[in-house]
Amino acid sequence: MSDIINSKRSDIIDYLKNKSIKEIVNTKGQVLTSDDILQGVTLCNEILSQLMDSFVDYGINVFELLGLRNLSGLLGEIFVSSLSKAVPNQLKKNPHQDGYPDLLSVALKEQIDFYNKCVTTDGDIDRPISKLLFSPYKYGGFEVKATCGNTPPAKISPKPLVGESRVNMLVSFEWKAHHRSTNDLIGLLWDFVEGVPKIISVFFRNDIVEDDWSNVVTPKLGSKSTSISVMKKSAVKKMCDNWIVFINNETYINKLQNNKWIKNKIEG
């Protein structure tokens, strides 16, 4: 069993809230407060810790099995579910696995009525009648993407292992999407904190345009991968200007400020 699994940790993480941005508003006018976001972050972190703990007795590091790419997807999905549970009267998780956006606006009566017409309910499960109703969703919502960033190539410096903090080796980060129309984006930056993936910061923009994304790379015929578009550096900085919550930890604060990802001082 690895030291990462055996080590005792503290799951209490303190976050700073951006005093200048107390709420986010999507292009349809839906509002979420920074407290709403923080509730989603807290629940997401708790679930990730519980997931780790559920495998400890078997001597298995579940995050090692998943790998970084799958971990970003998993963390994003857990945050989507967590935020929808934090504000159940405002958002629902998109019931279609390929739907857009990830979180659907249901704050108004006409929105929830429309949503209910688009699904059949089986206990606690909402089954979409058609993908067309959920991609794109008529009333919009919020898209969620997660990244743990990039470290130097292995030929320059050994890559950190799964479970090891990446912050000191972080050289860049960006978010990826399947199409260039992705907007109303909640961007998550995460890292391993005492061996467990945790959200480091949450960013948001409602003015991401097609030119903020690279050309879509389509996989070769027969490939199991999907089409990918990468956010450009200029758009990453635009996202960083709108940080909503940030871990109250000098190592992370100094890293993102010293590299000029975040221009303004990070303080709550």
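For the sequence shown, the residue numbers in our numbering are -15 to 252. C-beta atoms are modelled at their ideal positions from N, C-alpha and C, and glycine is treated no differently.
Provide the residue span of the beta strand (DSSP E) that contains residue 87, from first to last. 87 to 89
Segments assigned beta strand (DSSP E), at least 3 residues, entirely inside the segment 45 to 107: Given a length threshold of 3 residues, each whole run of the beta strand (DSSP E) inside the segment 45 to 107 is given here in chain order: 75 to 77, 87 to 89 and 103 to 106.
Same chain only: Cβ atoms within 8 Å of residue 3, ignoring 5 sequence neighbours per side: 251 and 252
Residue -11 versus residue 46: straight-line alpha-carbon distance, rounded: Here residue -11 scores only 39 on pLDDT, less than 50, and its place in the model should not be relied on; the value that follows carries that caveat. In a straight line, the C-alpha of residue -11 is about 10 Å away from that of residue 46.
Expressed to the nearest angstrom, what Euclidean distance is found between the alpha-carbon atoms of residue 235 and residue 143? 19 Å
For the beta strand (DSSP E) holding residue 183, just list the boundary residues, first then last. 180 to 189
Does the structure place the segment 5 to 17 close enough to the segment 130 to 150 that three or more beta carbon pairs sit under 8 Å? no
Taking only three categories from DSSP, how would you classify residue 234? Helix, per DSSP.
So residue 172 and residue 129 are in contact, right, with Cβ under 8 Å, and what is the actual spacing, rounded? 7 Å
Starting from residue 221, follow the alpha helix (DSSP H) in both directions and report where the run begins and ends. 217 to 224
Could you tell me the alpha carbon to alpha carbon distance between residue -9 and residue 178, rounded to whole angstroms? Because residue -9 sits at a pLDDT of 42, beneath the cut-off of 50, its placement in the model cannot be relied upon, and the point is left open.
Based on Cα-Cα distance, which residue from 242, 30, 216 and 190 lies nearest to residue 198? 216
On the criterion of 16 or more Cβ atoms from any shown chain inside 10 Å, does residue 84 qualify as buried, or is it exposed? Counting C-beta atoms within 10 angstroms of its own C-beta, residue 84 has 16 or more neighbours from the protein chains shown and is therefore classed as buried.
Between 132, 65 and 155, which lies nearest to residue 242 when the distance is taken from Cα to Cα? Out of 132, 65 and 155, 155 has the C-alpha closest to the C-alpha of residue 242.
Tell me, please, whether the segment 89 to 99 touches the segment 121 to 135 by the rule of three or more beta-carbon pairs shorter than 8 Å. yes
Any idea which residues DSSP pairs residue 291 with across the strands? Missing from the structure shown is residue 291; the chain here goes from -15 to 252 and no further.
Chain-order list of residues whose beta-carbon lies under 7 Å from that of residue 246 (same chain, five-residue window excluded): 224, 227 and 240
Could you tell me the distance, in whole angstroms, from the CA atom of residue -13 to the CA atom of residue 64? Caution is warranted here: a pLDDT of 40 is assigned to residue -13, below 50, making its placement in the model unreliable, and the coordinate value is therefore given only provisionally. So the alpha carbons of these two residues sit roughly 30 Å apart.
Pull up the distance between the alpha-carbon of residue 158 and that of residue 183, whole angstroms please. 15 Å
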